[in-house]
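Asks:
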Amino acid sequence: MALAERYWETTPLEQMNKEEWEALCDGCAKCCLNKFIDDDEEEGPTAVLHQDEQVHYTNIACRYLNSHKCECTEYSQRTVLVPDCIALTKENLKDIFFMPTSCAYRRLHEGRGLPHWHPLLNGGKKSLMHKKQMSVRNKTISELQVNMDDFEDFIVRWPLNDLD
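According to our numbering, the sequence shown is numbered sequentially starting from 136.
#1: Would you please state the rounded distance, in angstroms, between the beta carbons of L263 and L255? I believe it to be under 8 Å.
#2: I need the DSSP call for K153, collapsed to helix, strand or coil.
#3: If you compare alpha carbons, which of I195, D161, M151 and Y142 is closest to W252?
#4: Looking at C-alpha atoms only, which residue of K165, S270 and E149 is the closest neighbour of F233?
#5: Measure the CB-CB distance between C205 and C163 and report whether it falls below 8 Å.
#6: The alpha helix (DSSP H) with H191 in it runs from where to where?
#7: Buried or exposed, going by whether 16 or more other CB atoms sit within 10 Å of the CB of I195?
#8: On the three-state DSSP scale, how would you describe S209?
#9: Mark R141 as exposed unless 16 or more other C-beta atoms lie within 10 angstroms of its C-beta, in which case mark it buried.
#10: Determine the closest residue to C167 out of R198, D173 and Q150, with distance taken between C-alpha atoms.
#11: So, helix, strand or coil for S262, using DSSP?
#12: If you compare alpha carbons, which of D288, K266, K267 and Q268 is closest to I276?
#13: Could you work out which residue in W143, L200 and N169 is closest to E157 when comparing CA atoms only?
#14: Can you give the Cα-Cα distance for Q150 and L138, rounded to whole angstroms?
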């Protein structure tokens, strides 16, 4: 089925079909970065971001990320192979705090529309996204190459960049 032109402007996220939902992903792969919340209480994944907490991104990428293509090499099995990998769905959209502010799903959820560099606005091509430095392309290191006890040494701010 062909996607309707600019469907994201007329179809709410909750009403999108699977093809429309998947097409929204810009393929930046920022969601594949290891992130953490600096808190003193909890260890491991969380479903809540408290008012005084902030998500910190690192340039440490999941072992299954091809950082040049910005694609998961095990996409269909990712949540099985990496239990902490969160597949964004309509059901967990309310907990979108772990996604970067440039994420198309987050932007639409917050009423901000798609950015000019998004592939849906550029003939399906990712080239403008990469040119504008909005993807992880060639900016990451695999978690297999890092001592995860030193993850704080890999905190980066560039995943928080958001244009438009």
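Beta carbons are placed, not taken as given, at the ideal position from N, Cα and C, and that holds for glycine.
Replies: Let me spell this out:
#1: With a Cβ gap of about 11 Å, L263 and L255 do not count as contacting.
#2: helix
#3: D161
#4: K165
#5: yes
#6: Not the alpha helix (DSSP H): H191 falls in the beta strand (DSSP E), residues V190 to A196.
#7: buried
#8: One point to set straight first is that residue 209 is Glu, not Ser, in the sequence displayed. The answer is coil: DSSP assigns E209 none of H, G, I, E or B.
#9: exposed
#10: R198
#11: helix
#12: D288
#13: W143
#14: 14 Å
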